[in-house]
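Quick note on my numbering: the sequence shown kicks off at 104 and runs consecutively. Inspection log for the structure reproduced underneath, given as C-alpha cells.
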Amino acid sequence: MTKVMALRFAVAVVLLSSTAMPPSAFAQEAVTYTYTSFDADKTCKHTRGKAEEDYGTWRCAGHAGIDVVLSAGDQRMNVSFGANASREVAAKETLPSFNDIYTGTVEWRIAGGKPFATILRWNVMLPNDERKATGRVLVVTRLNPGGVCHVGYVDARANPNPNELARALADTKVRTFKCGSDKAEWVGSRLGN
C-alpha cells in the first residue's frame, strides 16, 4: 500500500467511525452559567393585584432577554420566566410554607449559548419562625422550549453543598423533564419546609 493509499484509508476509517458514534456524543455541550439580580422595589416594574390577597406581579430583567416574573398573594410567591411567564406552569407553583423572594440572584444554567434552567434561593418560614423566614430553599426551574416549571428543590440550610446539589439537578434532569406531567423532587436532606 502506498503512503497516499494508507492516508486515504485512515481518513475513511475516521469518517466512518465518527458517523457511527451516537448523536449524543456530539451533543455533549459544556454547561456554563451567569448571574443576574433583581429587587422588586427598585429594579422591577410592578403591576398591582386586583383581589384582596393578590399583591400583584413584578417584571424584572433577566438574562438573554428572558424576564423574571414574580407574583405574590396569601404570603406566598410564584416565580416564572419569559415573555409568557404568567401562562407557564411555574406561575402557579410555590412552596407549601409561607415564602418570599422579593430580592434575589438568579443563576442561569446555559448550554449551547442558551439558558435552559435557573436556580433561585427562596426564603421560607420554618415551623418555629414567628415573623422572619429563616429557611432557605434553592428552586431549580426549567426554561423554554418545553415549558417553564419547577424541577426540584434543595434545602440550603440542611445540606453542606446545596449549590452543587442544585446545579447537578439542573444539569442532569431539566432538559428531559416534562412540565405538567413529571413531578418536582427534593434532593438531599430537609429541615422541614
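Using N, Cα and C, we set each Cβ at its ideal position, and we do this for glycine too. All figures in this text were calculated on a predicted structure; none of them were measured in a lab.
Inter-residue spacing [alpha-carbon to alpha-carbon] between residue i and residue j
i: M289; j: E233; result: The residue you asked about is not Met; residue 289 is Trp in the sequence shown. Cα-Cα distance, rounded: 25 Å.
i: V182; j: L223; result: 9 Å
i: T150; j: F141; result: 16 Å
i: F219; j: N202; result: 25 Å
i: G291; j: N262; result: 7 Å
i: A128; j: V227; result: Because A128 sits at a pLDDT of 33, beneath the cut-off of 50, its placement in the model cannot be relied upon, and the following sentence gives the value as read from the coordinates. For A128 and V227, the distance between alpha carbons rounds to 41 Å.
i: L198; j: D258; result: 12 Å
i: L272; j: Q178; result: 27 Å
i: L285; j: V171; result: The amino acid occupying residue 285 in the given sequence is Asp; Leu does not appear at that position. Going from the Cα of D285 to the Cα of V171 covers about 23 Å.
i: T146; j: A186; result: 17 Å
i: K148; j: M180; result: 16 Å
i: K276; j: E267; result: 14 Å
i: R245; j: P265; result: 18 Å
i: E191; j: C163; result: 16 Å
i: C282; j: G215; result: 22 Å
i: A48; j: G159; result: What is shown of the chain runs 104 to 296, which leaves residue 48 out entirely.
i: A133; j: N231; result: 42 Å
i: K195; j: G152; result: 15 Å
Beta carbon of residue i nearer than 8 Å to that of residue j
i: F184; j: A175; result: no
i: T237; j: L229; result: yes
i: E210; j: Y138; result: yes
i: W239; j: R270; result: Looking at the sequence shown, residue 239 is not Trp but Arg. In this structure, R270 does not lie closer than 8 Å to R239 by Cβ.
i: A287; j: T206; result: no
i: F280; j: V242; result: no
Contacting residues, own chain, Cβ-Cβ under 7 Å from residue i (five flanking each side not counted)
i: T135; result: I213
i: D157; result: G176
i: D274; result: V134 and R212
Same chain, Cβ closer than 8 Å to residue i, neighbours up to 5 away in sequence not counted
i: I204; result: L173, M180, V182, L223, R224, W225 and N226
Own chain residues within Cβ distance below 6 Å of residue i, not counting five before or after
i: R293; result: D258 and A261
Quick check: the region 150-168 against the region 240-258, are there 3 or more CB pairs under 8 Å? no
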